[in-house]
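Numbering (the working numbering), first residue to last: 0 to 130.
Backbone N, C-alpha and C fix where the C-beta goes; we use that ideal spot for every residue, glycine too.
#1: Thinking C-alpha only, which one of 117, 84, 86 is nearest residue 99?
#2: Got a sec? Which residues, its chain only, sit under 7 Å from residue 52 by beta carbon, not counting five neighbours each side?
#3: Would you check if the distance between the CB atom of residue 76 and the CB atom of residue 62 is smaller than 9 Å?
#4: Compare the beta carbon distance of residue 22 and residue 31 with 9 Å and say whether it is the shorter of the two.
#5: According to DSSP, simplified to helix, strand and coil, what is residue 109?
#6: Could you spell out where the alpha helix (DSSP H) holding residue 124 opens and where it closes?
#7: Runs of 3 residues minimum, wholly inside the segment 13-37: which ones carry the beta strand (DSSP E) assignment?
#8: Can you tell me which residues form a DSSP beta bridge with residue 92?
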């Protein structure tokens with residue numbers, strides 16, 4: 000798979016998340032997907048995302064940086080959102096926060112088979128100290 004094609008697939012995946020089009024998620028995510036070392040499978044991955052949107056109603060994935068080196072994609076995602084209660088063990092409770100997530104994906108046959116994700120929790124903590 001060439002870089003442009005994989006970048007296009009990834010951008011379509013992010014659009015799918017932002018639409019919360021869970022029926023289409025299987026077009027982008029492998030049935031046996033692994034997230035941060037845990038095998039969630041497609042249904043577990045979907046449940047994780049649905050929970051994220053339930054806990055953060057205004058969640059929107061914004062691609063800030065995208066690097067494609069097939070079969071891998073590296074992305075820096077930006078978020079400006081308002082978690083309802085506790086987020087990453089932090090009592091956010093309806094405060095608007097901005098943060099980034101660095102994510103690496105491995106693709107197999109144009110589907111995400113493994114995800115490594117790190118959220119910049121320190122940035123959220125610093126914002127909460129200001130309030």
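Taking the structure as given:
#1: 117
#2: 19, 58
#3: yes
#4: no
#5: coil
#6: 120-129
#7: 28-34
#8: DSSP lists no partner for residue 92.
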